[in-house]
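Asker:
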Amino acid sequence: MTGFARLALTACWQCAAGGIARADDVLKAKIGVLRLSSSAPVFIAQDKGYFREAGLDIELKFFDAAQPIAVATTSGDVDFGITAFTAGLYNLAGKGTLKVIGGMSREKAGYPLIGYFASNNAYAAGLKTPKDLAGKRVAVTQVGSSFHYSLGLLADKYGFKLADGKSAAAAIAVERCRCAEGRDRRCRAVAGLDRAHADGSDGAKLLGWVGDETPWQLGAVFASPKTLANGALVTKLLARWSAPTANITT
329 MTGFARLALT ACWQCAAGGI ARADDVLKAK IGVLRLSSSA PVFIAQDKGY
379 FREAGLDIEL KFFDAAQPIA VATTSGDVDF GITAFTAGLY NLAGKGTLKV
429 IGGMSREKAG YPLIGYFASN NAYAAGLKTP KDLAGKRVAV TQVGSSFHYS
479 LGLLADKYGF KLADGKSAAA AIAVERCRCA EGRDRRCRAV AGLDRAHADG
529 SDGAKLLGWV GDETPWQLGA VFASPKTLAN GALVTKLLAR WSAPTANITT
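So in this note's numbering, spot 140 of the sequence shown is number 468, and the numbers just go up one at a time.
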């Protein structure tokens, strides 16, 4: 019995030691994301335990807009950003402080993601399609955001311009969308996928989808050069994050 007990204790010690080693091998990372359907692969990988299975301890840090994620990735507040392309991201990447390492969601015909919305009054006055936005004021989360860029693509398609401030006869006037801050629920000219408000019950009518009008690569995975120096972390993250996308198209 003494020999058996000694053997059992040895086995337990080895298991404990193995557990400690595995804990030491876990790689930690913070990911900056938005609470939008475009971030679905990240949420699925987290909820299904894909990150954990790969030896990753992932903390999701939520932001209210995409541009601050690029800034936070550069400063080191988060290790990776997984969100839409923005003017801020392009600016930082141009300076070498960010690098794009993978694709994220994209706008594609037949796969609704970002929509064009109009108030019921504007709809009744003739704003029926995205093409009718010329000469109208449009609200977006931020100037330089993916919503802003989507409007720029639409303007190029139909031959009109973007303008700041008050509406011009042949321009889309871009304004900050205060509904993102919870202060004005009427500004739904451009917003994320939100079918619940597309029937006019909340003062808005759906005009169409960005993917049907102007398909484009909406977002990406990006990191700072410092984070990219950790090859094991980057490899594991990309391998496990991409797993849910095999059966998801956003």
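Beta carbons are placed, not taken as given, at the ideal position from N, Cα and C, and that holds for glycine. From a predicted model like this one, the values you see are computed outputs, not experimental measurements.
Starting from the Cα of K436, find the closest Cα among N449, G547, K533 and give me that residue.
Answerer: In the sequence shown, residue 436 corresponds to position 108, counting from 1. If we check each option's Cα against that of K436, G547 comes out closest.
Asker: Here's a check: name, in chain order, each residue in its chain whose Cβ is nearer than 7 Å to the Cβ of R363, leaving out the five neighbours to either side.
Answerer: Against the sequence shown, residue 363 aligns to sequence position 35. Closer than 7 Å at Cβ, skipping near neighbours: F390.
Asker: Check whether the Cβ atoms of W537 and P440 sit closer than 9 Å, and answer yes or no.
Answerer: In the sequence shown, the residue the question calls residue 537 occupies position 209. In the sequence shown, the residue the question calls residue 440 occupies position 112. Yes, these two residues count as a Cβ contact at 9 Å.
Asker: Does the distance from the CB of G409 to the CB of G472 come in under 9 Å?
Answerer: Within the sequence shown, numbered from 1, the residue matching residue 409 stands at position 81. Within the sequence shown, numbered from 1, the residue matching residue 472 stands at position 144. Going by C-beta atoms, G409 is not nearer than 9 Å to G472.
Asker: I need the boundaries of the beta strand (DSSP E) containing L362, first residue and last residue.
Answerer: Start at 1 with the first residue of the sequence shown, and residue 362 comes out as number 34. Start and end: 355-362.
Asker: Roughly how many whole angstroms lie between the Cα atoms of A491 and D353?
Answerer: Here residue 491 refers to the residue found at position 163 of the sequence shown. Here residue 353 refers to the residue found at position 25 of the sequence shown. So the two alpha carbons sit approximately 52 Å from each other.
Asker: With a cut-off of 8 Å, do at least 3 Cβ pairs link the segment 551-558 to the segment 455-466?
Answerer: The segment 551-558 vs the segment 455-466: no contact.
Asker: So, under 8 Å CB-CB, L593 and G383 are touching, yes? Tell me the CB distance rounded to an integer number of Å.
Answerer: With the chain represented from 329 up to 578, any question about residue 593 goes unanswered, as that position is not in the structure.
Asker: Return helix, strand or coil for K459, following the three-state DSSP convention.
Answerer: As a first step, residue 459 is located in the sequence shown; it is residue number 131 there, counting from the start. K459: helix per DSSP, three-state reduction.
Asker: Could you have a look at T555 and say whether DSSP puts it in helix, strand or coil?
Answerer: Start at 1 with the first residue of the sequence shown, and residue 555 comes out as number 227. Helix.
Asker: Is it right to say E381 is buried, meaning 16 or more other beta carbons lie within 10 angstroms of its own, or is it exposed?
Answerer: Sequence index remark: in the sequence shown, residue 381 carries index 53 (1-based). With fewer than 16 other Cβ atoms within 10 Å, it is exposed.
Asker: Quick one: grab the DSSP three-state call for S478.
Answerer: Start at 1 with the first residue of the sequence shown, and residue 478 comes out as number 150. Looking at S478 - three-state DSSP - the assignment turns out to be helix.
Asker: Can L388 and F371 be called in contact, C-beta distance under 9 Å?
Answerer: On the sequence shown, residue 388 is found 60 positions in, with the first residue counted as 1. On the sequence shown, residue 371 is found 43 positions in, with the first residue counted as 1. Yes, Cβ-Cβ distance for L388 and F371 is below 9 Å.
Asker: For a quick check, are the C-beta atoms of S474 and A532 less than 9 Å apart?
Answerer: Here residue 474 refers to the residue found at position 146 when the sequence shown is read from its first residue. Here residue 532 refers to the residue found at position 204 when the sequence shown is read from its first residue. No. Outside cutoff.
Asker: Can you give, in chain order, each stretch of the alpha helix (DSSP H) that sits fully within the segment 386-439 and has at least 4 residues?
Answerer: Whole alpha helix (DSSP H) segments, 4+ residues: 395-403, 415-422.
Asker: Can you check whether the CB of Y477 is closer than 9 Å to the CB of L535?
Answerer: As a working mapping, residue 535 is identified with position 207 in the sequence shown. As a working mapping, residue 477 is identified with position 149 in the sequence shown. Their beta carbons are not under 9 Å apart, which means L535 does not touch Y477 by this criterion.
Asker: Using the three-state DSSP reduction, which class does G377 fall into: helix, strand or coil?
Answerer: Walking along the sequence shown from the start, residue 377 turns up at place 49. Reduced to three states, the DSSP call for G377 is coil.
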